[in-house]
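Below is one structure, written out as structure tokens, with a few remarks after it.
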Amino acid sequence: MSYFNIELGNLVFSLRTANPEIFLAVSQRLSLFVTGKKPDYVIDINYITPAEFSLRFPMASDKIVKPFLFQDSPVGFTFMDSTTTCTVDINSKISVLTTSVTDINDILYLSLRNIISLWLMLNCKLLLHSAGVMTPQGTVLFSGVSGSGKSTIAVNSQGRGVLSDENIIVQVQGEKIIAYGTPWSGSARKMDNREGEVAALFFIQVSQKFQCIRISNAMSLFLLLRDTFLPFCDKRLLERQSTISSGIVNSLACYTLRFNCAMPIFWDYIEDTISRFHEDRRINVC
């Protein structure tokens, strides 16, 4: 069995597989995040034929997320659909992914992302449906559903570093929010293995009309939960995610942003908005 280790959000995952095609494809796509550090978690990727899959998992026709319990506490989870099953064992820190597909995008963007997002949440980190751009004022997150303009902003970053144009890992560290790049990119194919302190969070929508509004913590929390990977499988995980999300919106300036990235003043406006917020907060503290 071949393996390599990747680091995401300061957690190290060892990916193991006996299938040479999957190993080559996955290792190439994740090469930017490869590390020699000791793994915190292990993910085994097993390939079987579609015929064998249907025999071994006859109940896998619908999407299922099922926790398995010990004395009313979850010790693991099973994800299942018509082509893939994923078992996450919390105690052993080992996940087993069994799939009948060889499409690297299905494996990377669906199965692996679901497994890793769960491990992240168990370590008080969130995977956001967001682009992250590094500016002189700090890292700016642009969060939104598919088609809201995350990749458009990344393409028009004008030389600023892009952590990802699709998914960002975030973590509360005291009074700071730290963002980490991920290998999951959108149509812009932008990603970077870096981290930065978050300065602001914008919930975005492409529009011909430019409009930016500072929003309340309650509205920010609602929109943030919309743009995270919700663990519907377990009440305790949902509560943990809500707590982490509340810590994020309580620490950041959050805005709704309707934008046209072709506007030459876009980045001037974004950076000036952040600077004005931090200056106002400094004056209020003093």
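Straight run, no breaks: the sequence shown in our numbering ends on number 438.
Beta carbons: idealized from backbone N, C-alpha and C, even for Gly.
From the beta carbon of residue i, is the nearest beta carbon of chain C less than 8 Å away?
i	result
threonine 169	Within the model displayed, chain C is absent; a lone protein chain is all it includes.
So the beta strand (DSSP E) residue i belongs to, where does it begin and stop?
i	result
arginine 168	163-169
alanine 351	347-358
glycine 313	313-316
asparagine 319	319-325
arginine 410	405-411
serine 234	Per DSSP, serine 234 belongs to no beta strand (DSSP E) and is neither H nor E.
With C-beta atoms as the reference, is residue i less than 8 Å away from residue j?
i	j	result
methionine 273	leucine 389	yes
tyrosine 407	cysteine 364	yes
phenylalanine 185	serine 154	no
valine 297	histidine 281	yes
valine 178	leucine 167	yes
threonine 236	valine 253	yes
aspartate 439	serine 337	The question about residue 439 has no answer here: the residues shown for the chain are numbered 153 through 438.
isoleucine 396	leucine 278	yes
methionine 286	phenylalanine 362	no
isoleucine 195	leucine 160	no
isoleucine 158	leucine 182	yes
isoleucine 356	phenylalanine 418	no
serine 403	glutamate 347	no
Using three-state DSSP, classify residue i as helix, strand or coil.
i	result
valine 178	helix
methionine 211	coil
threonine 254	coil
leucine 375	helix
aspartate 420	helix
valine 307	helix
glutamine 363	strand
asparagine 436	Legend: pLDDT at asparagine 436 = 42, less than 50; position of this residue unreliable, no value from coordinates given.
arginine 265	helix
threonine 425	helix
proline 172	helix
phenylalanine 294	strand
Go through its chain and collect everything with a Cβ distance to residue i's Cβ below 8 Å, but skip five positions before and after it.
i	result
glutamine 223	Annotation note: pLDDT 45 at glutamine 223 (below 50); position unreliable, coordinate value reported separately. No residues qualify anywhere along the chain.
valine 401	Leu353, Asn369, Ser372, Leu373 and Leu376
Give me the DSSP bridge partner(s) of residue i.
i	result
valine 186	Ile158
tyrosine 199	Thr251
glycine 399	Partner(s): none; glycine 399 has no beta bridge.
Under 6 Å Cβ to Cβ from residue i, same chain only, skipping five residues before and after it: list those, please.
i	result
tyrosine 290	First, the amino acid is wrong: residue 290 is glycine here, not tyrosine. Result list for glycine 290: Glu349 and Ala351, in chain order.
glycine 399	Val324
threonine 169	Phe175 and Ile197
Could you check where the alpha helix (DSSP H) with residue i kicks off and where it finishes?
i	result
isoleucine 259	Per DSSP, isoleucine 259 belongs to no alpha helix (DSSP H) and is neither H nor E.
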